[in-house]
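Here the structure comes first, spelled out in structure tokens, and everything after it is commentary.
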Amino acid sequence: MIVKKYVDMLGKKSAIRELFDYGAKRAQEIGRENVFDYSLGNPSVAVPRDFNETLAKLALSGDDLAVHGYSPSLGIFSVRQAIADSLRRRFSLDYEAENIFMTTGAAGALAHAIRAVAEPGSEIVTFAPYFPEYGPYVEGAGCVLRVVPAKQEDFQIDFDAFERIISQKTAAILINTPNNPSGVVYSVETLVQLANILEIKQREYGHPVFLISDEPYREIVFSNQRCPYPARFYENTITCYSFSKSLSLPGERIGYIAVNPSCQYAKLIPQMCGQISREIGHNCPPSIIQLAVAQVLDQTADLSVYEKNKNILYPALIQMGFSCVEPGGTFYMFPCVPNGKAEEFSEKAKEFDLLLVPGTTFGCPGNFRISYCIDTDKVYRSLDAFRKLANVYFP
């Protein structure tokens with residue numbers, strides 16, 4: 002007997018992946034250079050040279066047991082210690098190795114964090130626009146995802162709507178800053194207000210309400226922005242991080258959970274994650290990748306191209322007639338759809354070989370996402386296609 006749940010999921014495939022697959026087929030017909038694929042958030046810049054050199058040295062070191070052997074269930078201790086030291090230096094919180102759990106990217110971190118703090122039937126609250134895979138992560142843990150509608154004018158949090166949704170059943174709040182798909186960075190004021198509400202609700206409900214902070218884009222922040230660290234504002238914060246974007250390592254699937262050291266469960270939750278791994282078959286990232294990434298924790302790839310691409314696209318789209326909250330980071334922007342019909346707009350864009358993701362999948366049917374982690378030359382060449390699309394709606 003097969004499981005109907007997963008058969009049913011086949012009919013709800015990722016809109017992002019379907020567009021990407023369409024783009025691959027279209028590229029075979031007209032050439033990849035002629036398809037302006039803004040669908041997938043796949044980093045487009047080179048991995049830092051130091052990472053590749055470290056990886057090569059490890060592979061040739063002859064210490065095969067350390068490099069290729071099984072990792073401890075919580076991750077290699079020296080790697081966890083290095084991450085704790087880096088976080089302590091950067092954010093002035095007293096992290097220790099015992100607060101860190103190594104994961105297969107941010108997705109693995111989120112899957113563990115949700116299971117650690119939310120019993121089946123509990124509610125997880127997030128804010129539109131949100132990464133659509135939050136649905137499977139939460140539902141896979143037997144929980145319910147509740148979505149606070151977007152505050153369209155700036156994509157900060159609509160706190161009135163939030164207070165109508167948070168309840169006794171709420172186990173955790175899930176945030177993503179800098180945000181996919183909007184590129185918006187939550188302000189200090191937003192994070193302070195959120196923390197104040199959560200403190201009040203914890204006392205009212207008589208149980209912890211955790212803040213799960215999804216931060217794979219933490220390092221991609223533009224020159225006119227700063228990115229506050231959410232854990233500094235709220236003790237019961239679990240930070241979920243991935244090196245996929247900062248080091249351009251999406252295929253290596255390497256990340257971590259960091260529990261705020263001031264949290265009552267700061268050392269317990271990583272231990273629990275080791276047990277969760279037994280249940281879901283996680284079994285840690287490869288040892289060699291853990292060891293290599295520990296040597297470049299304070300480095301990033303050259304991320305400047307993303308701001309360069311934003312500075313080309315954003316003013317051009319505004320001039321064409323589109324409205325959009327200016328991104329403060331990431332490599333995404335989330336303009337409004339001129340007619341408010343995201344799927345129809347995305348289909349129309351295909352006529353000009355523009356692959357744009359409808360915002361419905363992010364909880365905002367009146368928007369579309371542009372993932373501009375592509376060559377700058379291609380960004381320039383896509384502007385004519387955007388103008389032709391704009392002329393359909395702004396004649």
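Be aware that the sequence shown starts at 2, since it is given in the working numbering, and climbs by one per residue. Every residue, glycine too, gets a C-beta built ideally from N, C-alpha and C.
Checklist entry - Measuring CA to CA, which of 106, 91, 86, 125 is closest to residue 97? => result As a position in the sequence shown, residue 97 is number 96, starting the count at 1. Nearest of 106, 91, 86, 125 to residue 97, Cα basis: 86.
Checklist entry - At which residues does the alpha helix (DSSP H) containing residue 247 begin and terminate? => result Along the sequence shown, one-based indexing puts residue 247 at 246. Unbroken run through residue 247: none, as it is neither H nor E.
Next on the checklist: Assess contact between the segment 150-166 and the segment 92-109, defined as three or more Cβ pairs (one per stretch) separated by less than 8 Å. Is contact present?
Outcome noted: no
Item to check | Boundaries (first-last residue) of the beta strand (DSSP E) holding residue 257 | outcome: Residue numbering aside, residue 257 sits at position 256 when the sequence shown is read from its first letter. Residue 257 -> beta strand (DSSP E) spans 256-260.
Item to check | Residue-chain proximity (residue 77, chain C), Cβ-Cβ < 8 Å | outcome: Looking for chain C here will not work: only one protein chain is present.
Next on the checklist: I need the straight-line Cα distance from residue 274 to residue 3, nearest angstrom please.
Outcome noted: Taking the sequence shown and counting its residues from 1, the one referred to as residue 274 is at position 273. Taking the sequence shown and counting its residues from 1, the one referred to as residue 3 is at position 2. Cα to Cα, the separation comes out at about 28 Å.
Item to check | Cutoff 7 Å; reference residue 95; Cβ partners in own chain excluding five residues on either side | outcome: Position 94 of the sequence shown, counted from the start, is the residue given in the question as residue 95. Same-chain partners within the cutoff: 89, 262.
Next on the checklist: Whole angstroms are fine: how far does the CA of residue 216 sit from the CA of residue 333?
Outcome noted: Translated into positions along the sequence shown, residue 333 becomes position 332. Translated into positions along the sequence shown, residue 216 becomes position 215. Cα to Cα, the separation comes out at about 14 Å.
Checklist entry - Under 8 Å, do residue 248 and residue 49 count as touching if we go by C-beta distance? => result What you label residue 248 is simply residue 247 of the sequence shown in a count that begins at 1. What you label residue 49 is simply residue 48 of the sequence shown in a count that begins at 1. Their beta carbons are under 8 Å apart, which means residue 248 touches residue 49 by this criterion.
Item to check | Residue from 125, 45, 229 with nearest C-alpha to residue 91 | outcome: Start at 1 with the first residue of the sequence shown, and residue 91 comes out as number 90. Answer by Cα proximity: 229.
Next on the checklist: Buried or exposed, going by whether 16 or more other CB atoms sit within 10 Å of the CB of residue 265?
Outcome noted: Translated into the one-based positions of the sequence shown, residue 265 becomes position 264. Residue 265 should be labelled exposed.
Next on the checklist: List, from N- to C-terminal side, the beta strand (DSSP E) runs of 3 residues or more that fit wholly inside the segment 30-86.
Outcome noted: none
Checklist entry - Which residue comes first and which comes last in the alpha helix (DSSP H) that contains residue 110? => result Counted from its first residue, the sequence shown places residue 110 at position 109. First-last of the alpha helix (DSSP H) with residue 110: 106-118.
Next on the checklist: Suppose the cutoff is 6 Å on Cβ atoms and the five residues either side in sequence are ignored; what does the same chain contact list for residue 301 look like?
Outcome noted: Reading the sequence shown from its first residue, position 300 is the one you call residue 301. Same-chain partners within the cutoff: 220, 247.
Next on the checklist: I'd like to check one pair, residue 335 with residue 370: are the Cβ atoms closer than 8 Å?
Outcome noted: Here residue 370 corresponds to residue number 369 of the sequence shown, with the count starting at 1. Here residue 335 corresponds to residue number 334 of the sequence shown, with the count starting at 1. Yes, the pair counts as a contact, with Cβ atoms nearer than the cut-off.
Checklist entry - In terms of alpha-carbon separation, which member of 237, 176, 276, 134 lies closest to residue 362? => result The sequence position of residue 362 within the sequence shown is 361, counting from 1. Taking only the C-alpha atoms, the option nearest residue 362 is 134.
Item to check | At least three beta-carbon pairs within less than 8 Å, the segment 55-69 to the segment 298-316 | outcome: no
Checklist entry - Just checking my contact of residue 255 with residue 42 at CB under 8 Å: how many whole Å lie between their CB atoms? => result For the purposes of this step, residue 255 is taken as the residue at position 254 of the sequence shown. For the purposes of this step, residue 42 is taken as the residue at position 41 of the sequence shown. That pair is no contact at about 17 Å.
Item to check | Identity of the residue in 296, 394, 260 nearest residue 322 by Cα | outcome: Within the sequence shown, the letter at position 321 stands for residue 322. Nearest of 296, 394, 260 to residue 322, Cα basis: 394.
Item to check | Cα-Cα separation between residue 145 and residue 138, rounded to whole angstroms | outcome: Taking the sequence shown and counting its residues from 1, one reaches residue 145 at position 144. Taking the sequence shown and counting its residues from 1, one reaches residue 138 at position 137. Approximately 10 Å, taken between the alpha carbons.
Checklist entry - Where does residue 221 sit, in a helix, a strand or coil, going by DSSP? => result On the sequence shown, residue 221 is found 220 positions in, with the first residue counted as 1. Coil at residue 221, not helix or strand.
Checklist entry - Thinking C-beta only, is residue 179 closer than 8 Å to residue 186? => result Within the sequence shown, residue 186 is the residue found at index 185, counting from 1. Within the sequence shown, residue 179 is the residue found at index 178, counting from 1. Yes; because the gap between Cβ atoms is below 8 Å, this pair is in contact.
Item to check | Alpha-carbon spacing of residue 116 relative to residue 53, whole angstroms | outcome: Walking along the sequence shown from the start, residue 116 turns up at place 115. Walking along the sequence shown from the start, residue 53 turns up at place 52. Residue 116 and residue 53: Cα-Cα distance of roughly 34 Å.
Checklist entry - Which residue comes first and which comes last in the alpha helix (DSSP H) that contains residue 361? => result One-based indexing of the sequence shown puts residue 361 at position 360. First-last for residue 361: undefined, no H or E at that position.
Next on the checklist: Below 8 Å, how does it come out for the segment 229-240 and the segment 198-218: are there three or more Cβ pairs, yes or no?
Outcome noted: yes
Item to check | Cβ neighbour criterion (16 or more within 10 Å) applied to residue 73 | outcome: Here residue 73 refers to the residue found at position 72 of the sequence shown. Under this definition residue 73 is an exposed residue.
Item to check | Rounded distance between the beta-carbons of residue 83 and residue 298, thought under 8 Å | outcome: As a position in the sequence shown, residue 298 is number 297, starting the count at 1. As a position in the sequence shown, residue 83 is number 82, starting the count at 1. Confirmed, about 6 Å.
Item to check | Assigned exposure category for residue 177 - 16 Cβ within 10 Å defines buried | outcome: Indexing the sequence shown from 1 puts residue 177 at position 176. Residue 177 comes out buried.
Checklist entry - What span of residues does the beta strand (DSSP E) with residue 214 cover, start to end? => result For this step, residue 214 is matched to residue 213 along the sequence shown. Residues 211-215.
Checklist entry - Between the Cα of residue 153 and the Cα atoms of 200, 38, 365, 380, which residue gives the shortest distance? => result Here residue 153 refers to the residue found at position 152 when the sequence shown is read from its first residue. Answer by Cα proximity: 365.
Item to check | For residue 40, the nearest candidate out of 285, 384, 271, 351 (CA to CA) | outcome: Reading the sequence shown from its first residue, position 39 is the one you call residue 40. For the residues 285, 384, 271, 351, the minimum Cα distance to residue 40 belongs to 351.
Next on the checklist: Quick check on DSSP: helix, strand or coil for residue 356?
Outcome noted: Here residue 356 refers to the residue found at position 355 when the sequence shown is read from its first residue. Note: residue 356 maps to strand in three-state DSSP.
Next on the checklist: Strictly by DSSP, which residues pair up with residue 253?
Outcome noted: In the sequence shown, residue 253 corresponds to position 252, counting from 1. DSSP, once it has assigned bridges, lists no residue as partnering residue 253.
Item to check | Host beta strand (DSSP E) of residue 347 (start-end) | outcome: Taking the sequence shown and counting its residues from 1, one reaches residue 347 at position 346. Residue 347 -> not in any beta strand (DSSP E); alpha helix (DSSP H) instead, spanning 343-351.
Item to check | Length-filtered (4 minimum) alpha helix (DSSP H) runs lying within the segment 123-149 | outcome: 135-141
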